[in-house]
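Line by line, the protein sequences give chains A and B. 1 is the number of the first residue of the first sequence in the working numbering; add one for each residue after it. 1 is the number of the first residue of the second sequence in the working numbering; add one for each residue after it. Just so you know, even glycine gets a beta-carbon here, dropped at the ideal spot from N, CA and C. Remember, predicted model here, so these are calculated numbers, not experimental data. What follows is a set of notes on a single structure, which appears directly below.
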Amino acid sequence: MESIAARVRAEIAADLRQPVEQVPLDARIDAVELGIDSLGLIKLSVRLEEIFEVTMPDLAADPQAIGSVRDVARLIADQVELRGAGGAA
Amino acid sequence: MNPVARTRAEREATQRSAAQQREHERQVVAAHYEHDPEIFSMVLDRRLAYATGVFLDPSEDLETAQERKYARIAAKLGIRPGERVLDVGCGWGSNLLYLAQHTQGIFQGITLSRQQQQVALARAEAWGVADRVKIDVCHVEDLALAPGSVDVVLFSGSIVHMHNREAVHRLVGQILRPGGRVLISDCYYPVQVRGDRESAATQYIFVEALGYCRLIGLAEELALIEEAGLDVLHVEDLTRHYAITLARWIDNVRENRKKIEAIAPGFSALLQQYMTVARLSFERRTALEYMILATKGAPAVDPGTWPVGQGRPA
Numbered sequence: 001m002e003s004i005a006a007r008v009r010a011e012i013a014a015d016l017r018q019p020v021e022q023v024p025l026d027a028r029i030d031a032v033e034l035g036i037d038s039l040g041l042i043k044l045s046v047r048l049e050e051i052f053e054v055t056m057p058d059l060a061a062d063p064q065a066i067g068s069v070r071d072v073a074r075l076i077a078d079q080v081e082l083r084g085a086g087g088a089a
Numbered sequence: 001m002n003p004v005a006r007t008r009a010e011r012e013a014t015q016r017s018a019a020q021q022r023e024h025e026r027q028v029v030a031a032h033y034e035h036d037p038e039i040f041s042m043v044l045d046r047r048l049a050y051a052t053g054v055f056l057d058p059s060e061d062l063e064t065a066q067e068r069k070y071a072r073i074a075a076k077l078g079i080r081p082g083e084r085v086l087d088v089g090c091g092w093g094s095n096l097l098y099l100a101q102h103t104q105g106i107f108q109g110i111t112l113s114r115q116q117q118q119v120a121l122a123r124a125e126a127w128g129v130a131d132r133v134k135i136d137v138c139h140v141e142d143l144a145l146a147p148g149s150v151d152v153v154l155f156s157g158s159i160v161h162m163h164n165r166e167a168v169h170r171l172v173g174q175i176l177r178p179g180g181r182v183l184i185s186d187c188y189y190p191v192q193v194r195g196d197r198e199s200a201a202t203q204y205i206f207v208e209a210l211g212y213c214r215l216i217g218l219a220e221e222l223a224l225i226e227e228a229g230l231d232v233l234h235v236e237d238l239t240r241h242y243a244i245t246l247a248r249w250i251d252n253v254r255e256n257r258k259k260i261e262a263i264a265p266g267f268s269a270l271l272q273q274y275m276t277v278a279r280l281s282f283e284r285r286t287a288l289e290y291m292i293l294a295t296k297g298a299p300a301v302d303p304g305t306w307p308v309g310q311g312r313p314a
């Protein structure tokens, strides 16, 4: 989970051309706080899908429902874990 | 009939001369469709319709929905033996070849993409209809067809790429013979502005992903059709169907991401991103999808006789 969260933060920071410290784990990922527009959220989702081989919900459709950077990381971690469990079975 | 430009793409187009814009479309619109057809075959239905299907139920598969759309277009056009059909922006031949296989019409398709032309011609050959099918790489405004020489003109997901709508409709009005029909299936803006048409997402889909798109209002398109001397027969809203179609395409991009990346690095992300923008637009109805049918003179088909969907609408 920590490494996933770190990668998610790094990806967002790169998008925003900001140091990672400017992307706190508790920051909401919707536009107001971090300044990501809807296209930015769509691109972020797709990139996270590529990196982690998961299926993301629509961050742009309802960013409120996703919440914080940490929530996004947890969502990915859950899928990665599920896949790991499935693979081991 | 040229209201204030709605998007940056449209504003830039109005700065070009008609000839420059035509050349611009030739270059930038073709670029997207020049990608390896193998990629599109992983994402679209087997006939490669790059346009909405018609779903009776949201759980239906893409093939079924696209087959229904082909059949619906065929019913609306009612092509009789020997009739001449022009498909403007025929893509890889999805509608054109379906119609060639299901009627005895004579078909000419035009596209700006040589890749699409080659696929369409190869399929015409494979499916045994090559003797009635001709596909040219040609811009619609460069078509030199005699007045009254065509019975049917089809635009499926293509007129949105054409900036000079007045000229396009005038051309259609001239080349159709009495009894002729034109069918357009494409994307429109609601008159009341919804959503941000100056957003990065709009610019991304209209320019970066698809080269050039110009969405106008439905009523504007209908007025241009009428000014060209045609009568509007039927209009239907397919917006919700396009949202489902796009969701299916996005799932297919996900499923084939690695294979697409091996052919064209970065293209799977571009597809998924622009398709997501489009899907959200249709879901929120900030953009609308309509299928329009108009005739030159009295219609020979009667919408009252068309079968309506069984079951709940999708």
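Problem set entry | Counted within 10 angstroms of its Cβ, other Cβ atoms place residue 19 (chain A) as buried (16 or more) or exposed | With fewer than 16 Cβ atoms within 10 Å of its Cβ, residue 19 (chain A) is classed as exposed.
For this session: With DSSP as the reference, label residue 224 (chain B) as helix, strand or coil.
Result: helix
Exercise. On the premise that residue 238 (chain B) lies in contact with residue 162 (chain B), defined as a C-beta separation below 8 Å, what is that separation, rounded to the nearest angstrom?
Worked result: Between residue 238 (chain B) and residue 162 (chain B) the Cβ distance is about 19 Å, and since that is not below 8 Å, they are no contact.
Problem set entry | Contact under 7 Å by Cβ, residue 189 (chain B) with residue 113 (chain B) | No, they are not a contact pair.
Exercise. Below 8 Å, can you find three or more Cβ-Cβ pairs linking the stretch 150 to 158 of chain B to the stretch 2 to 21 of chain B?
Worked result: no
Exercise. From what residue to what residue does the alpha helix (DSSP H) around residue 95 (chain A) run?
Worked result: In the structure as shown, chain A begins at 1 and stops at 89. Residue 95 (chain A) is therefore absent and cannot be evaluated.
Problem set entry | CB contact below 7 Å: residue 25 (chain A) versus chain B | With 7 Å as the cut-off, residue 25 (chain A) does not count as an interface residue toward chain B.
Problem set entry | Closest residue to residue 106 (chain B) among B:84, B:116, B:124, B:97 (Cα-Cα distance) | B:84
Problem set entry | Beta carbon proximity, residue 204 (chain B) to chain A, threshold 7 Å | yes
Exercise. In the DSSP assignment, what residue or residues form a beta bridge with residue 134 (chain B)?
Worked result: B:108
Exercise. Mapping DSSP to helix, strand and coil, what is residue 37 (chain B)?
Worked result: Residue 37 (chain B) sits in a helix when the DSSP states are folded into three classes.
Problem set entry | Pick from A:7, A:21, A:1 that is closest to residue 44 (chain A), judged by C-alpha positions | A:7
Exercise. Between which two residues does the alpha helix (DSSP H) containing residue 155 (chain B) stretch?
Worked result: Taken as a continuous stretch (DSSP letters only), residue 155 (chain B) belongs to no alpha helix (DSSP H), being part of the beta strand (DSSP E) at 150 to 156.
For this session: Could you tell me which residues DSSP pairs with residue 295 (chain B) in its beta bridges?
Result: B:181, B:231
For this session: Note down, in chain order, every chain A residue with its Cβ under 9 Å from the Cβ of residue 277 (chain B).
Result: Chain-ordered, the chain A residues with CB closer than 9 Å to the CB of residue 277 (chain B) read 38, 39, 42, 60.
Problem set entry | Three-state secondary structure assigned by DSSP to residue 84 (chain B) | The answer is strand: DSSP assigns residue 84 (chain B) an E or B state.
For this session: Flag this pair as yes or no: are the beta carbons of residue 316 (chain B) and residue 306 (chain B) separated by less than 7 Å?
Result: Examination of residue 316 (chain B) is not possible in this model, given that chain B is present from 1 through 314 alone.
For this session: Would you please state the rounded distance, in angstroms, between the beta carbons of residue 29 (chain A) and residue 80 (chain A)? I believe it to be under 8 Å.
Result: Wrong, their Cβ atoms sit about 19 Å apart, outside the cutoff.
Exercise. Exposed or buried, which one is residue 312 (chain B) when buried takes at least 16 other CB atoms within 10 Å?
Worked result: Low per-residue confidence applies at residue 312 (chain B): pLDDT is 49, beneath 50, and the placement is therefore not dependable, though the value from the model is reported in the following sentence. Answer is exposed; the Cβ neighbour count stays below 16.
Problem set entry | Beta-carbon neighbours of residue 280 (chain B), restricted to chain A and to distances below 9 Å | 38, 42, 58, 60, 61
Exercise. Mind checking whether residue 78 (chain B) and residue 179 (chain B) have CB atoms under 7 Å apart?
Worked result: no
Problem set entry | Chain-ordered neighbours of residue 46 (chain A) on chain B, where CB pairs are closer than 8 Å | 269, 272, 273, 276
Problem set entry | Three-state secondary structure (DSSP) of residue 37 (chain A) | coil
For this session: Give every residue of the same chain whose Cβ lies closer than 6 Å to the Cβ of residue 147 (chain B), excluding the five residues on either side of it in the sequence, and list them in chain order.
Result: 174
Problem set entry | Rounded separation between residue 30 (chain B) and residue 118 (chain B) - CA only | 14 Å
For this session: Could you name the residues of the same chain whose beta carbon sits closer than 6 Å to that of residue 28 (chain B), not counting the 5 residues immediately before and after it, in chain order?
Result: 211, 212
For this session: Please say whether residue 48 (chain B) and residue 55 (chain B) have beta carbons closer to each other than 7 Å?
Result: no
Problem set entry | Environment of residue 25 (chain B) [buried if 16+ CB atoms lie within 10 Å] | buried
For this session: Have a look at residue 88 (chain A) and residue 5 (chain A) and give me their C-alpha separation to the nearest angstrom.
Result: Summary for residue 88 (chain A): the model assigns pLDDT 47, below 50, so the residue's position carries little reliability; its value from the coordinates is reported in the next sentence. Looking at the two C-alpha atoms, the distance is approximately 23 Å.
Problem set entry | Min CB distance residue 49 (chain B) to chain A below 7 Å | no
Problem set entry | 7 Å Cβ cutoff met for residue 293 (chain B) and residue 76 (chain B) | yes
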